[in-house]
């Protein structure tokens, strides 16, 4: 509020600020002001308003603000459900591809069958990251086979040490000083092996040299569903080149993947079993006809 | 409880004059919201000088003040349907004007120059000028121009919140509560800013103050 000066002879800051209140425009100014305002007002009426203003998004958002917590929770739940439901791992699709491509199915298989996978890198003296990616690309075809057989061998990112798995244990590449062996489950079948002889010596030091210590070939083992006794099995030489980002994801999703893959595999096994069963029945019938003989009034049976 | 009393109960500004003003404004606003666009002219005529004065004292530029005043009324007109009467129309309009002004000042921080309105001398201002000119023994018109320039320079040296508080309190004559509502801060903050701003102005204009 405006304070009056108690001492008329003393000038205060409030008195000086009163001078600002006396600064006023002339009456002509207001005539011009009104004309300009009218023009702007008409322009504002004619002007096309954005769609979010026309839809009154702020008002709607304000009304929904009281429900923001339950709506947010429902949205997160729905999104999570959709992601989990719609997620299809790569292995499933590649398995279908392999199954349709007519890969050979062995008539008999051992429960401890071992598939040896080899990885060959380019033979340049300087092994660069580009060559690593090229090698990874060349292994992509084998990787699909690996998924089909339920076994994968992974070359992870360049940030991890090099180690090679063979059989049930991880073997380390000798020139990888910081390599750490990764234990593998005993009840699984590890089907990958990488020989250090496939890697040519590195000429340069520095970044290329780091490659040696940062490549990890990690066999990720998925249970091979070998139908022993039914003379039916699916076995393919398998190598999967997977980025390091997918290592953990695949490990987490391995159970789901096996569960999904097992259904497809089961149907395939049933088909093969039917074929074999019919073949066996034919042989048995033919054999039984040959062993059966009739002579005079006697029926003979040869063993 | 009718709409006008509902507005009054929600208005923080408690003075009877303001309450009456808020009630009459709310009725006009309802007419505009119902489609009577011409009714908005009443609000323009009623508040244009106060809004202009506030913006002018913030910017110290009459052309900018005119443009910003028009923009404030246009924005208020475009958003009139969103006005629910939770504060007085005067407070709502002031808030729009201040926000537009602050945005303009921040945008043109490096490009500011003065353009003054003429000082209309009433009795109080004339006696003040006489008092100051008697002491310094200078020509009256020259002294007024110089004082106006020094005063606006001192105002522009204040930070934006301090300048806003001084403008609203000392020049527009709003109460602490009204300023707190417009600036969306506490009354204590308003008082603190006002005290600090006056100290700064006194140090800048000490040659004119006894």
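Chains as they are written, first to last, in the working numbering: chain A, 180 to 482; chain B, 1102 to 1311. The C-beta atom is built at its ideal place from N, Cα and C for all residues, glycine as well.
Residue 1251 of chain B and residue 1306 of chain B closer than 8 Å at C-beta = With a cutoff of 8 Å on beta-carbon distance, residue 1251 of chain B and residue 1306 of chain B are scored as near each other.
query = Of all the CB atoms in chain B, is at least one closer than 8 Å to the CB of residue 229 of chain A?
reply = Cβ-Cβ to chain B under 8 Å: no for residue 229 of chain A.
request  = In the DSSP assignment, find the alpha helix (DSSP H) that holds residue 1296 of chain B and state where it starts and stops.
outcome  = From DSSP, the alpha helix (DSSP H) with residue 1296 of chain B extends over 1288-1305.
request  = For residue 448 of chain A, name the three-state secondary structure that DSSP assigns.
outcome  = The three-state secondary structure of residue 448 of chain A, taken from DSSP, is helix.
query = With 16 as the cutoff for other CB atoms within 10 Å, does residue 1285 of chain B come out buried or exposed?
reply = With fewer than 16 neighbouring CB atoms inside 10 Å of its own CB, residue 1285 of chain B falls in the exposed class.
request  = Could you name the residues of the segment 1157-1175 of chain B whose beta carbon sits closer than 9 Å to any beta carbon of chain A, in the order they occur along the chain?
outcome  = The residues in question are 1157, 1158, 1163, 1166, 1167, 1168, 1170, 1171, 1172, 1174, 1175.
request  = Can you tell me which of B/1291, B/1146, B/1233 puts its alpha carbon nearest to the alpha carbon of residue 209 of chain A?
outcome  = For the residues B/1291, B/1146, B/1233, the minimum Cα distance to residue 209 of chain A belongs to B/1146.
task = Just the C-alpha distance for residue 1129 of chain B and residue 223 of chain A, rounded to the nearest angstrom, thanks.
result = Distance between the alpha carbons of residue 1129 of chain B and residue 223 of chain A: 20 Å.
query = How would you call residue 431 of chain A, buried or exposed, if buried means at least 16 neighbouring beta carbons within 10 angstroms?
reply = Using a 10 angstroms sphere on the CB of residue 431 of chain A, the tally of other CB atoms stays under 16, which defines it as exposed.
inquiry  = Looking at the strands, I want to know which residues DSSP matches up with residue 479 of chain A.
reply    = A/472, per the DSSP bridge assignment.
inquiry  = Looking at the strands, I want to know which residues DSSP matches up with residue 1216 of chain B.
reply    = Within the DSSP bridge table, the entry for residue 1216 of chain B names B/1162 as partners.
ask   = Whose C-beta lies closer than 8 Å to the C-beta of residue 1176 of chain B among residues of the same chain, with five residues either side of it excluded?
value = Taking residue 1176 of chain B as the centre and dropping the five residues before and after it, the same chain places the C-beta of 1197, 1201 closer than 8 Å to its C-beta, in chain order.
task = Taking only beta-carbon positions, decide if residue 1257 of chain B is within less than 8 Å of chain A.
result = The beta-carbon of residue 1257 of chain B is placed no less than 8 Å from the nearest beta-carbon of chain A.
ask   = At least one CB of chain B closer than 8 Å to the CB of residue 202 of chain A: is that the case?
value = Cβ-Cβ to chain B under 8 Å: yes for residue 202 of chain A.
request  = State the DSSP-derived secondary structure class of residue 1150 of chain B, mapped to helix, strand or coil.
outcome  = Reduced to three states, the DSSP call for residue 1150 of chain B is helix.
query = Under a three-way DSSP split, which group does residue 364 of chain A fall into?
reply = Reliability of the predicted coordinates at residue 364 of chain A is poor, the pLDDT of 46 falling under 50, and no value is obtained from them.
task = Would you list the residues sitting across from residue 202 of chain A in a DSSP beta bridge?
result = For residue 202 of chain A, which the question treats as bridged, DSSP gives the partners B/1220.
task = Could you tell me whether any Cβ in chain B is nearer than 8 Å to the Cβ of residue 225 of chain A?
result = No, because no Cβ of chain B sits closer than 8 Å to the Cβ of residue 225 of chain A.
message = Quick check: is the beta carbon of residue 190 of chain A nearer than 8 Å to any beta carbon in chain B?
response = Yes, its Cβ sits closer than 8 Å to a Cβ of chain B.
ask   = Since residue 1218 of chain B contacts residue 1157 of chain B with CB under 8 Å, what's their CB separation in whole angstroms?
value = That belief holds up - the Cβ atoms of residue 1218 of chain B and residue 1157 of chain B are roughly 7 Å apart, short of 8 Å.
query = Listing by chain order, which chain A residues have their CB less than 7 Å from the CB of residue 1226 of chain B?
reply = Scanning chain A for C-beta atoms nearer than 7 Å to the C-beta of residue 1226 of chain B yields 197, 198, 201, reported in chain order.
ask   = Do residue 1206 of chain B and residue 1283 of chain B have their C-beta atoms within less than 8 Å of each other?
value = Against a cut-off of 8 Å, the Cβ pair of residue 1283 of chain B and residue 1206 of chain B comes out as no contact.
inquiry  = Strictly under 8 Å for the Cβ-Cβ distance: is residue 193 of chain A near chain B by that measure?
reply    = With respect to chain B, the C-beta atom of residue 193 of chain A has a partner C-beta closer than 8 Å.
Pairwise C-alpha distance: residue 1308 of chain B and residue 1239 of chain B = For the pair residue 1239 of chain B and residue 1308 of chain B, the Cα-to-Cα distance works out to about 14 Å.
Continuous alpha helix (DSSP H) assignments of at least 4 residues falling wholly in the segment 1201-1285 of chain B = Runs found: 1224-1237, 1241-1258, 1261-1267, 1277-1284.
Contact set between residue 243 of chain A and chain B, taken where Cβ atoms lie within less than 7 Å = Within 7 Å Cβ-Cβ: nothing; residue 243 of chain A doesn't reach chain B, min ~16 Å.
key: Beta-carbon proximity check, residue 1134 of chain B vs residue 1181 of chain B, cutoff 8 Å   = Remark: C-beta atoms of residue 1134 of chain B and residue 1181 of chain B approach each other more closely than 8 Å.
task = Starting from the Cα of residue 1353 of chain B, find the closest Cα among B/1302, B/1298, B/1137 and give me that residue.
result = Coverage of chain B is limited to positions 1102 through 1311, which leaves residue 1353 of chain B absent and any answer about it impossible.
key: Reduced DSSP category for residue 1308 of chain B - H, G, I as helix; E, B as strand; rest coil   = In the displayed model, residue 1308 of chain B falls within coil according to three-state DSSP, outside both helix and strand.
key: Residues within the segment 1195-1227 of chain B neighbouring chain A, beta-carbon criterion of under 9 Å   = Only those residues of the segment 1195-1227 of chain B whose C-beta falls short of 9 Å from the nearest C-beta of chain A are listed: 1217, 1218, 1219, 1220, 1221, 1222, 1223, 1225, 1226.
request  = At 8 Å on the CB atoms, spell out the chain A contacts of residue 1244 of chain B, in chain order.
outcome  = Within chain A, no residue comes near residue 1244 of chain B; the closest Cβ sits about 11 Å away, beyond 8 Å.
task = Have a look at A/200, A/189, A/211 and flag the residue whose alpha-carbon is nearest the alpha-carbon of residue 1253 of chain B.
result = The candidate whose alpha carbon is nearest that of residue 1253 of chain B is A/200.
request  = Output the distance between the C-alpha atoms of residue 1272 of chain B and residue 195 of chain A, rounded to the nearest integer angstrom.
outcome  = Using only the alpha carbons, I get a separation of about 10 Å.
key: Under 7 Å by beta carbon: chain B residues contacting residue 221 of chain A   = Within chain B, no C-beta atom comes less than 7 Å from the C-beta of residue 221 of chain A; the nearest is roughly 10 Å away.
Residue 1313 of chain B: contacting residues in chain A (beta-carbon distance under 7 Å) = Here chain B covers residues 1102 to 1311 and nothing more, so residue 1313 of chain B does not appear.
ask   = What are the boundary residues of the alpha helix (DSSP H) that residue 1136 of chain B is part of?
value = From DSSP, residue 1136 of chain B is part of no alpha helix (DSSP H); its letter is neither H nor E.
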